[in-house]
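Residue numbers (the working numbering), protein chains in the order written: chain U, 1 to 290; chain R, 1001 to 1377.
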């Protein structure tokens, strides 16, 4: 078991003929992901990298190949359309890697997805991976190893850093999910924590948050009321000044809200062990395995 | 990106929000000419992108064009929280009977645009929220439906506006909401929204924050960027596609990825150092980008050491190492460097750097401690 993706996942790549789409399709196939189709409007009938068939629409791709999950590598101005197309075609899980989608576009997209009941991971995220089964994203596959720690994070390379530290210590992961660094995204910490709580293979969870928003505070509420599995956390941005956007559109302390101190306090009072720096996370997880 | 008061109010006016008659001056003589055209009392307002302009003496009332000229002469060139005043807005003075607050904001937690109103206008709304939260009335707008008439009525009644004022208040609410939606703003605010002696409403001050990700479809708004919003270094970084925020420590940080960049700052602090900046060089770490980033970091005289933290992942670390060496060739420096590289070909990458006598570290913890020691000299 794992969450969201596994060896049975049948993946369609939207934007498969673009530079990023083509490169990462090869990387995903190399890892063992079952990529069954690609979509680029106007190029249907052709073949992409590794002989993946191209379709004009997601619906055609699904009808022909039985794809059930989509990953999106299209530029920001076309990405909202691509997400909605996947949702309307009936894909169960949509993963959007694209960075820089306007927040008000995502507001409408998210409201629509909630209505039709389709799960979106991202945007502006590295995707997700179930080690040894399926990599649906842009993360380096080789740093992961199969195991029982669920990882959920708002960031990209910081997640790799933490996963790598776990792997080096011989601690494997059930699934690692990057939910993205934008102010409005599809899936939040609470959603992923619930999935890990219900996944028999996951024995403990690492949660990597950052400044901005109230996602970590909501997660703290869920953890204290609904979670039995231990959670180790880290919040990036303890040294960030207020009012300045720290790279991610969502990483900003505004109106006194979203500080690292608030999030750490909320998590600590929910019984979460919060690492003081990223190097401590793997240590804390290892102690729990003893 | 933030807009100046005069820019925000002009946008609001396009959506039917009443604003005072006025114009922008860059010299005292221009301020006088505007005051003469307006007749009567005017208010001379510094246009800088910080709060607290009034307290700093950057907003003054003038009874005559001559006084407007004198005050504009004092305000232009004034330093407010580190920013030099280059423009003043000269507005016809309003008949301030009562001051309200009206704002519309993207609420991330609720995933809704939320409209807020308060009878306690003219002061910092965050203070009102902290001291008297019951004085702030809010409605959340469904993005697929938009702001409805009944919601503006709820807001009007919530702050005790009279029935005669409901219609004009609804026009202002709708105008502000549409200004936010159509400009791709994350905040649009009128503070204060003034009730005049005759009961009419007037937007005396205005503020907008735009979504940088949406500027591609608003070239007219993008052109309004005030160069004072960013430091020259932040501007250079943005033009190179780098994300840079200056801080006041001694350890320059160059990292790929925003979350890892913040974490690198945090761990530097944990080991007793202080980060000089946030810098995310993004993916790849090509030589020209690394060189540009290095020049920006080293332009800060406080920097006593530079810490590179590159989690290569799919990127090849030997390429990153060569990029760093090439960058150091283009921007030579005596400031000590500590490089931590992980990813594909990281052993080769470290060997290349060692040969060039650059300190390398295996883990982030080690790298941070080495940088802290190096910065102490």
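Quick reminder that beta carbons are idealized off the backbone N, C-alpha and C, glycines included.
7 Å CB neighbourhood of residue i in its chain, flanking five on each side removed
i                       : result
residue 1074 of chain R : none
residue 6 of chain U    : 130, 133, 134
residue 968 of chain R  : Examination of residue 968 of chain R is not possible in this model, given that chain R is present from 1001 through 1377 alone.
residue 21 of chain U   : 13, 15, 73
residue 1125 of chain R : 1101, 1103, 1118, 1191
Where residue i falls, given that 16 or more other Cβ within 10 Å makes a residue buried
i                       : result
residue 185 of chain U  : buried
residue 1144 of chain R : exposed
residue 200 of chain U  : exposed
residue 24 of chain U   : buried
residue 1072 of chain R : buried
residue 1288 of chain R : exposed
residue 1304 of chain R : buried
residue 1185 of chain R : buried
residue 32 of chain U   : exposed
residue 1157 of chain R : exposed
residue 124 of chain U  : buried
residue 289 of chain U  : exposed
residue 1334 of chain R : exposed
residue 1132 of chain R : exposed
residue 180 of chain U  : buried
residue 8 of chain U    : exposed
residue 1159 of chain R : buried
residue 109 of chain U  : buried
residue 216 of chain U  : buried
residue 182 of chain U  : buried
residue 1014 of chain R : exposed
residue 1262 of chain R : buried
Cβ neighbours of residue i in the same chain (closer than 6 Å, five flanking residues each side left out)
i                       : result
residue 100 of chain U  : 76
residue 233 of chain U  : 207, 267, 272, 274
residue 1188 of chain R : 1104, 1176, 1179, 1180, 1208
residue 1328 of chain R : none
residue 1292 of chain R : 1240
residue 1215 of chain R : 1222
residue 1096 of chain R : 1194
residue 1087 of chain R : 1024, 1026, 1047
Neighbouring residues, chain U, relative to residue i (Cβ below 9 Å)
i                       : result
residue 1119 of chain R : Within 9 Å Cβ-Cβ: nothing; residue 1119 of chain R doesn't reach chain U, min ~20 Å.
residue 1144 of chain R : 108, 111, 112, 115
residue 1123 of chain R : Ordered by position in chain U, no residue passes the 9 Å Cβ test against residue 1123 of chain R, which lies about 14 Å from the chain.
residue 1267 of chain R : 276, 277, 278, 279
Cross-chain neighbours of residue i in chain R, by beta carbon under 7 Å
i                      : result
residue 244 of chain U : 1245
residue 276 of chain U : 1270
residue 100 of chain U : 1213
residue 184 of chain U : 1108, 1111
Contacts around residue i, its chain only, beta-carbon distance under 8 Å, and the 5 residues preceding and following it disregarded
i                       : result
residue 269 of chain U  : 220, 224
residue 277 of chain U  : 234
residue 1049 of chain R : 1002, 1004, 1083, 1226, 1228, 1229
residue 1368 of chain R : 1264, 1267, 1268, 1270, 1271, 1273, 1307
residue 50 of chain U   : 25, 26, 29, 35
residue 1376 of chain R : 1304
Beta-carbon neighbours of residue i, restricted to chain U and to distances below 8 Å
i                       : result
residue 1365 of chain R : 277, 279
residue 1345 of chain R : Result: empty, since nearest Cβ-Cβ is about 12 Å, beyond 8 Å.
residue 1126 of chain R : 255, 256
beta-carbon residue i near the ligand GTP non-hydrogen atom, thresh 7 Å
i                       : result
residue 1306 of chain R : Because no ligand of any kind appears in the structure shown, any question about the ligand GTP cannot be addressed here.
Chain-ordered chain U contacts of residue i [CB-CB under 7 Å]
i                       : result
residue 1109 of chain R : 213, 214
residue 1342 of chain R : 164
Anticipated Cβ contact below 8 Å, residue i with residue j, distance rounded
i                       : j                       : result
residue 1364 of chain R : residue 279 of chain U  : 6 Å
residue 1136 of chain R : residue 1116 of chain R : 6 Å
residue 98 of chain U   : residue 79 of chain U   : 4 Å
residue 1151 of chain R : residue 1201 of chain R : That pair is no contact at about 17 Å.
residue 4 of chain U    : residue 120 of chain U  : That belief does not hold up - the Cβ atoms of residue 4 of chain U and residue 120 of chain U are roughly 11 Å apart, past 8 Å.
residue 1360 of chain R : residue 1353 of chain R : 5 Å
residue 210 of chain U  : residue 154 of chain U  : 5 Å
Chain R residues whose Cβ lies nearer than 9 Å to that of residue i
i                      : result
residue 181 of chain U : 1258, 1259
Amino acids of chain R, ordered along the chain, whose beta-carbon sits closer than 8 Å to that of residue i
i                      : result
residue 207 of chain U : Per Cβ cutoff of 8 Å: no residues; residue 207 of chain U is ~13 Å from chain R at best.
residue 248 of chain U : 1258, 1259
Checklist line | Chain-ordered residues of the stretch 149-173 of chain U with a beta carbon less than 7 Å from chain R | finding: 154, 155, 156, 157, 158, 160, 161, 164
Next item on the list: Could you please tell me which residues of the stretch 210-234 of chain U, in chain order, have their CB closer than 9 Å to any CB of chain R?
Entry: 210, 211, 212, 213, 214, 215, 217, 218, 234
Note to self: Using a Cβ-Cβ cutoff of 7 Å, what residues of the stretch 1249-1265 of chain R are near chain U? List them in chain order.
What the structure shows: Those residues of the stretch 1249-1265 of chain R that come within reach of chain U (Cβ to Cβ, closer than 7 Å) are 1256, 1257, 1258, 1259, 1260, 1261, 1262, 1263, 1265.
Notebook entry, point to check: Of all the residues that make up the stretch 1181-1202 of chain R, which are near chain U by a beta-carbon distance shorter than 7 Å?
Noted result: Taking 7 Å as the Cβ-Cβ cut-off against chain U, the residues of the stretch 1181-1202 of chain R that qualify are 1181, 1184, 1186.
Note to self: Any C-beta of chain U within less than 7 Å: which residues of the stretch 1299-1321 of chain R qualify?
What the structure shows: 1311, 1313, 1314
Item checked: Residues in the stretch 1323-1335 of chain R having any Cβ partner in chain U nearer than 9 Å -> Going along the stretch 1323-1335 of chain R in chain order, one finds no residue with a Cβ nearer than 9 Å to chain U.
Notebook entry, point to check: Taking a cut of 8 Å between CB atoms, which residues from the stretch 120-136 of chain U lie near chain R?
Noted result: Those would be none; no residue qualifies.
Notebook entry, point to check: the stretch 18-49 of chain U: which residues have C-beta closer than 9 Å to a C-beta of chain R, in chain order?
Noted result: For the stretch 18-49 of chain U, the beta-carbon criterion of a distance under 9 Å to any beta-carbon of chain R is satisfied by 23, 24, 27.
Notebook entry, point to check: Quick one, which residues of the stretch 57-85 of chain U are near chain R if we go by CB-CB under 9 Å, in chain order?
Noted result: Flagged, chain order: 76, 77.
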